[in-house]
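Peer 1:
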Ligand code: KPL
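Residue numbers (this note's numbering): 10 to 313.
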C-alpha cells in the first residue's frame, strides 16, 4: 500500500516507522521538506517489540499523496482542518482517511471536508516521545482501536489487521465512539490535572487528588450515559487509575504542551465534554473549572 502520514509528531513518527516494514510510507508536513529521517528507539517497556533503527522517508510529494490508498492523519485535533485543507487537492476520493488524535469533536469537520472518502477514526494507547528533533522513542504499549464513521468507512474491518501487523495490539470496532468516549474520560482526568500541577501521571495516585478524580469521572459518566453510552463513574475511575499506574513515569501530552507553551488540546478534551453536557443540560462544574484553568494558563504564555 502507499500510505501518506499527515503530521510528523511522536505518534505519527512511531506509526510511520512501524508501517514502513510492509508499505511505502511518506510524510506530509507543514514545512516543505522533501525527505525525513527518523531514528526509532525503544524504552525498557517496549524493547521486546521495537528495535532501534533508522528510517528514511520521502516527504510532501504531491504525486505520492495522489497515489496513496491510505492517509493517516496524526496532527492534533485543532490542526485537523488546516492540515486537511492543505492536503485535500491531492487526496484521491477513494483513499481511506484514518484520523488519530486525542480528544473528540473533529468528526463533522472531516466528513464535510472529505465528503467522498471512507473515513475511519482511531484511538491509541501506544506511547511515544521525541527526545530530539530526529529521534522518536517508543515508550509504552497499549491497544489501538479503529472504526468507521461513514458508511464506506464502516466496511473497512480489514484495516484492523493492517494496523495490527504493523504495531500490535490493534482491533476493529463496530462503534468507535465508545472507545473514543472512554479515552476522553481518561484524558479529562489526567491531562488537565498533570498540566496544572506540573507533575507526572503517577503523582495523581496521591490521596490529595482522590475526590477530584472521582468527581471528574462522575461528570463524564453522566454525559456518556446521556449520549447513549451508559457507564458508572466508578468504572471510569477504575480505568483512570489503571492508566495512572501504567503510565506513572510519563508526563501527559498536556503537561508537555504547557511546559513548552504550546496550544493544548483542552477544547477537544474537557471542552468537548462541556459542549455535550450543555446539549443535555447536565452540570459539569469540575470539568468546567479545569477547562477554565488551562485556558488561563494558555493566556499567560503571551505575557511572559
Ligand atoms: O493520552 C494521554 C496523554 O498524555 O495525552 C495519557 C493517556 C494521559 C497518557 O499520558
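Here a beta-carbon is modelled for each residue, glycine too, at the ideal position from N, C-alpha and C.
These numbers come from a predicted model, not from an experiment.
Does DSSP classify residue 72 as helix, strand or coil?
Peer 2: Residue 72: helix per DSSP, three-state reduction.
Peer 1: Opposite residue 11 in the DSSP bridges: which residues?
Peer 2: Bridge partners of residue 11: 33.
Peer 1: Alpha carbon to alpha carbon, how far is residue 284 from residue 60?
Peer 2: Each residue's Cα considered, the two are about 43 Å apart.
Peer 1: In its own chain, which residues sit with a C-beta less than 6 Å from the C-beta of residue 136, not counting the 5 before and 5 after it?
Peer 2: Within the same chain, residue 136 has close Cβ partners 148 and 149.
Peer 1: Would residue 124 and residue 105 qualify as a contact pair, given that the criterion is a beta-carbon distance under 8 Å?
Peer 2: Not closer than 8 Å, so no.
Peer 1: Going by the DSSP bridge assignment, what does residue 144 pair with across the sheet?
Peer 2: Paired residues: 48 and 141.
Peer 1: In whole angstroms, what is the alpha-carbon distance linking residue 17 and residue 189?
Peer 2: Each residue's alpha carbon lies about 22 Å from the other.
Peer 1: At the level of alpha carbons, what is the spacing between residue 7 and residue 226?
Peer 2: Residue numbering for the chain in the displayed model covers 10 to 313; residue 7 lies beyond these limits and cannot be assessed.
Peer 1: Check for me: the beta strand (DSSP E) holding residue 128 runs from which residue to which?
Peer 2: Note, residue 128: beta strand (DSSP E), 128 to 133.
Peer 1: Just to confirm my understanding: we take residue 279, look at its own chain, exclude 5 residues before and 5 after, and list those with CB closer than 7 Å. What are they?
Peer 2: Excluding residues within five positions, the ones whose Cβ falls inside 7 Å are 197, 201, 296, 299 and 300.
Peer 1: Report the rounded CA-to-CA distance for residue 212 versus residue 160, giving the unit in angstroms.
Peer 2: Roughly 43 Å between the two C-alpha positions.
Peer 1: Let me check you understand the geometry: is the CB of residue 196 closer than 7 Å to at least one non-hydrogen atom of the ligand KPL?
Peer 2: Yes, since a heavy atom of the ligand KPL falls inside the 7 Å radius drawn around the Cβ of residue 196.
Peer 1: Measure the CB-CB distance between residue 30 and residue 175 and report whether it falls below 8 Å.
Peer 2: Closer than 8 Å, so yes.
Peer 1: Looking only at DSSP bridge pairs, what is residue 181 linked to?
Peer 2: Bridge partners of residue 181: 155.
Peer 1: Spatial neighbours of residue 90 within its chain, please: CB distance less than 6 Å, with the 5 preceding and 5 following residues excluded, ordered by chain position.
Peer 2: Closer than 6 Å at Cβ, skipping near neighbours: 118.
Peer 1: With a threshold of 6 Å on Cβ separation, who are the neighbours of residue 152 within its own chain once the five nearest residues in sequence on each side are excluded?
Peer 2: Within the same chain, residue 152 has close Cβ partners 134 and 178.
Peer 1: Using beta-carbon positions only, say whether residue 259 and residue 207 come within less than 8 Å of one another.
Peer 2: Their beta carbons are not under 8 Å apart, which means residue 259 does not touch residue 207 by this criterion.
Peer 1: Pull up the CB-CB distance for residue 214 and residue 230, whole angstroms please, since I reckon it's below 8 Å.
Peer 2: Their Cβ separation, rounded to whole angstroms, is 20 Å, which puts residue 214 and residue 230 out of contact at 8 Å.
Peer 1: Assuming contact is defined by CB atoms lying nearer than 8 Å, are residue 36 and residue 86 in contact in what I supplied?
Peer 2: No, the pair does not count as a contact, with Cβ atoms beyond the cut-off.
Peer 1: In the DSSP assignment, find the unbroken beta strand (DSSP E) run with residue 109 in it and report its ends.
Peer 2: 105 to 109 is the extent of the beta strand (DSSP E) around residue 109.
Peer 1: Looking at C-alpha atoms only, which residue of 255, 55, 25 and 146 is the closest neighbour of residue 199?
Peer 2: Of the listed residues, the one whose Cα sits closest to residue 199 is 255.
Peer 1: Give the secondary structure of residue 87 by DSSP, where H, G and I count as helix, E and B as strand, and everything else as coil.
Peer 2: Residue 87 falls in the helix class under three-state DSSP.
Peer 1: By a C-beta neighbour count over all protein chains shown, 10 Å radius and 16 as the cutoff for buried, is residue 164 buried or exposed?
Peer 2: That one is exposed.
Peer 1: Between the C-alpha atoms of residue 217 and residue 223, what's the straight-line distance to the nearest angstrom?
Peer 2: If I take the Cα positions, the gap works out to 12 Å.
Peer 1: Between residue 199 and the ligand KPL, is the CB less than 7 Å from at least one heavy atom?
Peer 2: Yes, Cβ of residue 199 sits closer than 7 Å to a heavy atom of the ligand KPL.
Peer 1: By alpha-carbon positions, which one of 186, 228 and 290 ends up nearest to residue 108?
Peer 2: Taking only the C-alpha atoms, the option nearest residue 108 is 186.
Peer 1: Could you check the C-alpha separation between residue 203 and residue 181 for me, to the nearest Å?
Peer 2: Their backbone Cα atoms lie some 31 Å apart in a straight line.
Peer 1: Cα-Cα, which of 246, 21 and 13 is closest to residue 99?
Peer 2: Measuring from the Cα of residue 99, the nearest candidate turns out to be 13.
Peer 1: Would you grab the beta carbon distance between residue 248 and residue 194 for me? Rounded to a whole angstrom, and I think it's under 8 Å.
Peer 2: About 7 Å separates the two Cβ atoms, so the contact holds.
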